[in-house]
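2 protein chains.
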Amino acid sequence: MLDRDRCLVRNFKHYCALDETEAELLAALEKTPQTVSNAQMLWEENHFAETLCVLSEGWACSYRSMDDGTRQILNIFLPGDVVGLSDFSPRRHLTSVAMLTEGVICRFPFKNLTDIFTTSPRLTTVLFSLAGQQQAIMAERLVNMGRRTAREKVAHFICEMHLRLRKTCPDITHRFNLPLSQQVLADVLGLSAVHVSRTFSELREEGLLYRERNRIEIPDLEAFYDVANFSDIYLGDSISELLKLIENDGSTLR
Amino acid sequence: MLDRDRCLVRNFKHYCALDETEAELLAALEKTPQTVSNAQMLWEENHFAETLCVLSEGWACSYRSMDDGTRQILNIFLPGDVVGLSDFSPRRHLTSVAMLTEGVICRFPFKNLTDIFTTSPRLTTVLFSLAGQQQAIMAERLVNMGRRTAREKVAHFICEMHLRLRKTCPDITHRFNLPLSQQVLADVLGLSAVHVSRTFSELREEGLLYRERNRIEIPDLEAFYDVANFSDIYLGDSISELLKLIENDGSTLR
DNA sequence: CGTCGGTTTGACCATACTCAAGGACTGTGG
DNA sequence: CCACAGTCCTTGAGTATGGTCAAACCGACG
């Protein structure tokens, strides 16, 4: 198995040492890689939820379609993310998920997840934390939608993406690739595509942000974070800290 | 221990049979009941997260404070809810939590949660599902904020509360108590208090919704659900169905 | 070279915000 | 029993942010 097929194992090793059993449990989630094209749907709203999946390569998003034909995007997924964790509770998917670029996904059945619950409390904890992180991202977006101007919304979202990408590619500084059209951004931020365009123009004229095709450039990060009122704590991954808590006093653990 | 002190056990029994060990694990979460007054804070944003808590009686909400003094409420908690599940990942609380009425809470340390992970895969599954449900509610609210008018927002939120309350008090029909001021509703919905007032007036004049103090009356539920574009699937608790899935093929379980 | 998706720009409009004043009700102390 | 403060709600007038519609543009790609 190639390393690029073991996104999750790599990801999790970042948080805690894995023994063989654990590595196997995780690797089991990525046993069925499958290439998918841009805009391909992984599943649809209301359909029976048979599998989750790991996004090994490419970008995806979950969304809800509205009656009037518009949609609200709820989450953007990056390589290494587990997609569908939040759809775990109801047996039907609450959201549709579609690719935003071409990529590689690995579907796996719920059963693998419950296997992890029964076998490894440590992995369970990490999974719980991952779900929590996704929720934190959504909470932040809720704040964004409710209490910020279009300008702040756009800036804040760019900051979020910038930071999330830096976590896996620490060499990113003030330039990065953002394969999202203005229509997609509008669907994320609850704005119209036209207004997103105007907002980009505004930011460009002020020299705060340049965007060309999918290329983003932020000349002065600090100034830009300021526009967005961006605070990064909600993305802080203190999972490893959390695990320490368990291991230190949790003699019952393994 | 009185039954009213074992909110969670009662709640969980709704989903699956509990053996003694499991009941004890859950009861452990409610060992330290504590009465709290209206508006009392359970914890504050950015503070070190030492405990979660079970809300045994009363209503509470989590929120994020903005620089300009306003706030965005993220979640409303009802009796029986576990508060802070989403704050599990980062060691600091990402949101403040305050009571909306007087009530009773039971704080418990993270350790209890990880104990459950190590001991009972079934409870773990249910907890995971509960976290998922809370996320589903937030997702729905995100849709609400991004893609609906003030009128729909207000109506939708009332519907959500109506349904959530009915789950624990099935005798509620078209009248119920909603102890939330218009300012609080505004903070939930990303509107101004003034506009919430106008919206209520509009709905009242159309005979769709009456509100007096904290009393809500919905003369025609179907018509009202229609105004809200409300679909109840996201609140459907299919946890029990999910557990069946585990038990049926999961011979490893217990 | 023409088509297509994505973007830009303008003109106009609507939804919801702000500010401000007044009203209704509750609880308090005289 | 009344005066008062305090909270919550209502209503009006003016404004602003962002939506809609429509046309033109631009670069990619067949």
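Listed in order, the protein sequences are those of chains A and B. When we follow full-length UniProt numbering, the leftmost residue of the first sequence carries the number 1, and every step to the right adds one. When we follow full-length UniProt numbering, the leftmost residue of the second sequence carries the number 1, and every step to the right adds one. Cβ atoms here follow ideal geometry from the backbone N, Cα and C, with glycine treated the same way. Model, not experiment: these values are computed from the prediction.
| Query | Result |
| --- | --- |
| Report yes or no: do the stretch 11-29 of chain B and the stretch 63-73 of chain B share at least 3 C-beta pairs separated by less than 8 angstroms? | no |
| Leaving out the 5 sequence neighbours to the left and right, which residues in its chain are closer than 6 angstroms to A:Cys7 when beta-carbon positions are compared? | Ser56 and Gly80 |
| Check for me: the alpha helix (DSSP H) holding B:Asn177 runs from which residue to which? | Note, B:Asn177: premise wrong, no alpha helix (DSSP H); beta strand (DSSP E) at Arg175 to Asn177. |
| From the beta carbon of B:Leu94, is the nearest beta carbon of chain A less than 8 angstroms away? | yes |
| CB-CB under 8 angstroms to A:Arg151, same chain, minus the five flanking residues each way: which ones, in chain order? | Thr199, Glu202, Leu203 and Val227 |
| Please list the terminal residues of the continuous beta strand (DSSP E) segment that includes B:Gln72. | Arg71 to Phe77 |
| From the DSSP output, which residues share a beta bridge with A:Tyr210? | A:Glu217 |
| Do B:Leu94 and A:Met145 have their beta-carbon atoms positioned less than 8 angstroms apart in this structure? | no |
| Taking only beta-carbon atoms, is A:Thr125 less than 8 angstroms away from chain B? | yes |
| What do you get for B:Ser129, buried or exposed, if any count of 16 or more other CB atoms within 10 angstroms of its CB means buried? | buried |
| According to DSSP, is B:Arg122 part of a helix, a strand, or is it coil? | helix |
| Would you say A:Tyr210 faces chain B, with C-beta separation under 8 angstroms as the test? | no |
| Does the Cβ-Cβ distance between B:Thr124 and A:Thr149 come in under 8 angstroms? | no |
| Just to confirm my understanding: we take A:Thr96, look at its own chain, exclude 5 residues before and 5 after, and list those with CB closer than 6 angstroms. What are they? | In the sequence as displayed, the identity of residue 96 of chain A is Ser instead of Thr. Once the five neighbours on either side are set aside, the close Cβ partners of A:Ser96 are Glu44, Glu45 and Tyr63. |
| Tell me which same chain residues have a C-beta within less than 7 angstroms of the C-beta of A:Phe230, skipping the five on either side of it? | His156 and Cys159 |
| Tell me residue 284 of chain A's beta-bridge partners as DSSP assigns them. | The requested residue 284 of chain A is not part of the displayed model; chain A covers only 1 to 254. |
| What do you reckon, are the CB atoms on A:Arg122 and A:Arg175 nearer than 8 angstroms? | no |
| In chain order, which alpha helix (DSSP H) runs of at least 4 residues are fully inside the stretch 6-59 of chain A? | 7-13 and 20-28 |
| From B:Asp171 to A:Gly236, what distance separates their C-alpha atoms? | 44 angstroms |
| Give me the residue from A:Thr32, A:Asp232, A:Gly190 and A:Ala193 with the minimum Cα distance to A:Arg108. | The amino acid at residue 108 of chain A is misidentified as Arg; the sequence shows Phe. The candidate whose alpha carbon is nearest that of A:Phe108 is A:Thr32. |
| Around the C-beta of B:Asn38, are 16 or more other C-beta atoms found within 10 angstroms, so that it is buried, or is it exposed? | exposed |
| Measuring only between beta-carbons, confirm whether A:Ser86 sits less than 8 angstroms from chain B. | yes |
| Can you tell me where the alpha helix (DSSP H) holding A:Asp187 begins and where it ends? | Gln182 to Leu189 |
| Quick check on this structure: which residue in B:Arg213, B:Glu212 and B:Asp232 has the alpha carbon closest to the alpha carbon of B:Leu221? | B:Asp232 |
| Hey, out of A:Leu113, A:Gln133 and A:Trp59, whose CA is closest to A:Ile76's CA? | A:Trp59 |
| Return the CA-CA distance between B:Leu25 and B:Thr114, expressed in angstroms with no decimal places. | 11 angstroms |
| Hey, does B:Tyr234 have any beta-carbon neighbour from chain A nearer than 8 angstroms? | yes |
| Could you pull the start and end residues of the alpha helix (DSSP H) that A:Ser197 belongs to? | Ala193 to Glu205 |
| Is the separation between the beta-carbon of A:Val184 and that of A:Ile73 shorter than 8 angstroms? | yes |
| Within 10 Å of its beta-carbon, does B:Phe48 have 16 or more other beta-carbons around it, so buried, or fewer, so exposed? | exposed |
| Going by the CB atoms, is the gap between B:Val9 and B:Ala23 shorter than 8 angstroms? | yes |
| For A:Arg64, list the residues DSSP reports as bridge partners. | A:Gln72 |
| Are any of the Cβ atoms in chain A nearer than 8 angstroms to that of B:Phe117? | yes |
| Who are the neighbours of A:Met138 on chain B, taking C-beta pairs under 8 angstroms? | Gln135, Met138, Ala139 and Leu142 |
| Helix or strand or just coil, what does DSSP make of B:Phe128? | helix |
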